[in-house]
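Engineer:
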Amino acid sequence: MSAFPITRLRRLRKNSGFRNLIAETDISLDHFIYPIFISEEVSTPKEISAMPGIKQWTVSTVVKEAKRAYELGIPAVLLFGIPSKKDDVGSQAYAKDGIIQRAIKTIKSKVPELLVITDVCLCEYTDHGHCGVIQNKYVQNDPSLDLLSSMALSHVEAGADMVAPSDMMDGRVGAIRKTLDEHGFTETPIMAYSAKYASAFYGPFREAAQSTPKFGDRKSYQMDPRNVREALHEIELDITEGADIIMVKPALAYLDVIAKVKQQFNLPLAAYNVSGEYSMIKAAAQNGWIDEKRIVMEVLTGIKRAGADIIISYFAPQVAQWLQK
Ligand code: PBG
Numbered sequence: 069m070s071a072f073p074i075t076r077l078r079r080l081r082k083n084s085g086f087r088n089l090i091a092e093t094d095i096s097l098d099h100f101i102y103p104i105f106i107s108e109e110v111s112t113p114k115e116i117s118a119m120p121g122i123k124q125w126t127v128s129t130v131v132k133e134a135k136r137a138y139e140l141g142i143p144a145v146l147l148f149g150i151p152s153k154k155d156d157v158g159s160q161a162y163a164k165d166g167i168i169q170r171a172i173k174t175i176k177s178k179v180p181e182l183l184v185i186t187d188v189c190l191c192e193y194t195d196h197g198h199c200g201v202i203q204n205k206y207v208q209n210d211p212s213l214d215l216l217s218s219m220a221l222s223h224v225e226a227g228a229d230m231v232a233p234s235d236m237m238d239g240r241v242g243a244i245r246k247t248l249d250e251h252g253f254t255e256t257p258i259m260a261y262s263a264k265y266a267s268a269f270y271g272p273f274r275e276a277a278q279s280t281p282k283f284g285d286r287k288s289y290q291m292d293p294r295n296v297r298e299a300l301h302e303i304e305l306d307i308t309e310g311a312d313i314i315m316v317k318p319a320l321a322y323l324d325v326i327a328k329v330k331q332q333f334n335l336p337l338a339a340y341n342v343s344g345e346y347s348m349i350k351a352a353a354q355n356g357w358i359d360e361k362r363i364v365m366e367v368l369t370g371i372k373r374a375g376a377d378i379i380i381s382y383f384a385p386q387v388a389q390w391l392q393k
């Protein structure tokens with residue numbers, strides 16, 4: 069390799085033509101998923117105070133938001149439901165006429181080409197706010213699998229294009245795959261929240277989804293932020309159980325995990341740019357402390373550069389508008 073003065077790296081930084089020509093990372097809308105909240109608790113769209121610009125929608129108004137996303141060029145949405153009735157087994161999660169089942173039907177009938185992905189987890193539906201069923205104050209793994217499988221099946225029966233289990237019970241991807249296959253849905257993919265950490269970055273989401281646990285925390289099922297080998301193990305198991313897309317969540321404090329997963333596995337890899345990551349940028353931008361657009365694009369580029377193929381982000385509509393300009 070030659071060195072200075074023969075080599076001058078600034079030659080290809082001279083103008084945007086050269087810079088774009090040699091850019092190693094591209095942000096394209098094709099790889100974005102936009103999360104949307106639908107609530108039975110509100111009668112008109114309600115802004116989430118901890119997530120400026122993000123709302124809880126009603127079943128009848130969510131179509132508007134889904135349509136807007138599709139028209140902006142976002143290919144997929146990820147739906148979260150907040151039911152008005154919660155109980156200890158999360159019955160509304162797998163009810164035929166549950167909030168999310170109705171929302172899926174409405175969106176698919178009005179915006180059929182938009183990919184509808186659903187979050188599969190009990191925490192928004194249980195009165196205790198945990199992601200599985202409780203016995204002796206402990207989240208029970210195996211009894212939760214049946215409920216999660218019923219939930220996934222009911223979403224797919226309502227028309228969901230893909231299900232995304234986020235509960236972190238052991239064996240849930242296999243259980244859901246088996247249930248879907250037994251009901252003839254062999255062609256419906258699963259995006260597994262494989263390496264999901266017990267993170268404080270989910271704080272604003274819990275206001276949005278009203279899913280804060282009433283006692284304890286999620287550390288007995290979500291991952292310890294100190295671990296990366298364990299993340300690779302989780303991913304390996306999910307692939308064995310039939311995951312089609314794997315995920316690392318959150319994104320920013322876990323870019324090393326994203327990079328390692330990308331090196332070791334050949335499945336499409338998603339990264340979830342979570343609520344806390346969104347709200348921190350929004351808060352700083354509202355104070356005039358940072359340049360929002362540049363920060364967001366830099367953060368998303370970082371997530372891609374680390375190795376994510378797909379980014380799930382609340383910024384998706386804004387990115388779409390920025391890319392158009
Ligand atoms: C449900 C779920 C959570 C998120 C996605 N699915 C919250 C949690 O596990 O407490 C977080 C998303 C975000 O913070 O944007 N289990």
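For the sequence shown, our numbering assigns the number 69 to the initial residue and increments by one for each residue that follows.
Backbone N, C-alpha and C define an ideal beta-carbon position, used for all residues, glycine too.
What do you reckon, are the CB atoms on Ile106 and Ala161 nearer than 7 Å?
Structural biologist: Taking 7 Å as the Cβ cut-off, Ile106 and Ala161 do not qualify as a contacting pair.
Engineer: Need the endpoints of the alpha helix (DSSP H) that Phe273 sits in, please.
Structural biologist: Phe273 -> alpha helix (DSSP H) spans 271-277.
Engineer: Should Phe100 be counted as a contact of the ligand PBG given a C-beta to heavy atom distance under 6 Å?
Structural biologist: Not so, every heavy atom of the ligand PBG lies at least 6 Å from the Cβ.
Engineer: Does the separation of the CB atoms of Ala319 and Ala260 fall below 7 Å?
Structural biologist: No. Outside cutoff.
Engineer: Can you grab the Cα-Cα spacing for the pair Val296 / Trp357, in whole Å?
Structural biologist: Rounded to the nearest angstrom, the two C-alpha atoms are 33 Å apart.
Engineer: Out of Leu305, Val201, Asp214, Ser222, state which residue places its alpha-carbon closest to the alpha-carbon of Ile185.
Structural biologist: The shortest Cα separation from Ile185 among Leu305, Val201, Asp214, Ser222 belongs to Ser222.
Engineer: Should the region 94-112 be called in touch with the region 141-161, which here means at least 3 C-beta pairs below 8 Å?
Structural biologist: They touch, by the three-pair rule.
Engineer: Return yes when at least one heavy atom of the ligand PBG lies under 6 Å from the C-beta of Asp292, else no.
Structural biologist: Not under cutoff, so the answer is no.
Engineer: Identify which residue in Ile303, Ser159, Glu345 has its Cα closest to the Cα of Gln331.
Structural biologist: The shortest Cα separation from Gln331 among Ile303, Ser159, Glu345 belongs to Ile303.
Engineer: Please report the distance separating the alpha-carbon of Glu109 from that of His196.
Structural biologist: Cα to Cα, Glu109 sits roughly 17 Å from His196.
Engineer: Quick one: any contact between the region 187-194 and the region 228-241, if contact means 3 or more CB pairs under 8 Å?
Structural biologist: The region 187-194 vs the region 228-241: in contact.
Engineer: Measuring only the C-alpha atoms, how far is Phe253 from Asp156?
Structural biologist: One C-alpha to the other measures close to 28 Å.
Engineer: Could you tell me which uninterrupted beta strand (DSSP E) segments, each at least 3 residues in length, are contained entirely in the region 103-188, listed from first to last along the chain?
Structural biologist: Runs found: 123-125, 144-150, 183-188.
Engineer: Go through its chain and collect everything with a Cβ distance to Val131's Cβ below 8 Å, but skip five positions before and after it.
Structural biologist: Closer than 8 Å at the Cβ level, and outside the excluded window around Val131, lie Thr174, Ile175, Lys178, Val179.
Engineer: Between the alpha carbons of Glu225 and Glu360, how many angstroms are there, rounded?
Structural biologist: Approximately 40 Å between the Cα atoms of the pair.
Engineer: Which residues in the same chain as Lys153 place their Cβ atom closer than 7 Å to its Cβ, once the five residues preceding and following it in sequence are excluded?
Structural biologist: Correct list, in chain order: Gln160.
Engineer: Tell me, to the nearest whole angstrom, how far the beta carbon of Lys317 is from that of Tyr265; I am working on the premise that it is less than 8 Å.
Structural biologist: About 7 Å; that satisfies the 8 Å criterion.
Engineer: Report back the beta-carbon spacing between Thr112 and Thr93 to the nearest angstrom; my notes put them in contact at under 8 Å.
Structural biologist: With 8 Å as the limit, Thr112 and Thr93 do not qualify as a contact, their Cβ atoms being about 40 Å apart.
Engineer: For Pro336, I'd like the list of residues in its chain whose CB is within less than 7 Å of its CB, leaving aside the five on either flank, ordered along the chain.
Structural biologist: Within the same chain, Pro336 has close Cβ partners Ile313, Asp377, Ile378.
Engineer: Which residues does DSSP pair with Gln331 in a beta bridge?
Structural biologist: Partner(s): none; Gln331 has no beta bridge.
Engineer: How big is the Cα-Cα spacing for Lys135 and Ala71?
Structural biologist: Roughly 53 Å separates the two Cα atoms.
Engineer: Which one of Tyr322, Met219, Leu182, Thr308 has the shortest CA to CA distance from Lys164?
Structural biologist: Of Tyr322, Met219, Leu182, Thr308, the residue nearest in Cα terms is Met219.
Engineer: Starting from Gln203, follow its DSSP beta bridges and name the residues at the other end.
Structural biologist: Looking at the DSSP assignment, Gln203 forms a beta bridge with Tyr206.
Engineer: For Ser70, name the three-state secondary structure that DSSP assigns.
Structural biologist: Three-state DSSP puts Ser70 in coil, outside helix and strand.
Engineer: If you draw a straight line from the alpha carbon of Tyr138 to that of Leu182, how long is it in whole angstroms?
Structural biologist: In a straight line, the C-alpha of Tyr138 is about 6 Å away from that of Leu182.
Engineer: In three-state DSSP terms, what is Ala321?
Structural biologist: Looking at Ala321 - three-state DSSP - the assignment turns out to be helix.
Engineer: Would you decide whether Asn341 is buried or exposed? Buried here means 16 or more other CB atoms lie within 10 Å of its CB.
Structural biologist: When all chains shown are included, Asn341 counts as buried.
Engineer: For Ala118 and Met236, what's the separation of their Cα atoms in angstroms?
Structural biologist: Using only the alpha carbons, I get a separation of about 25 Å.
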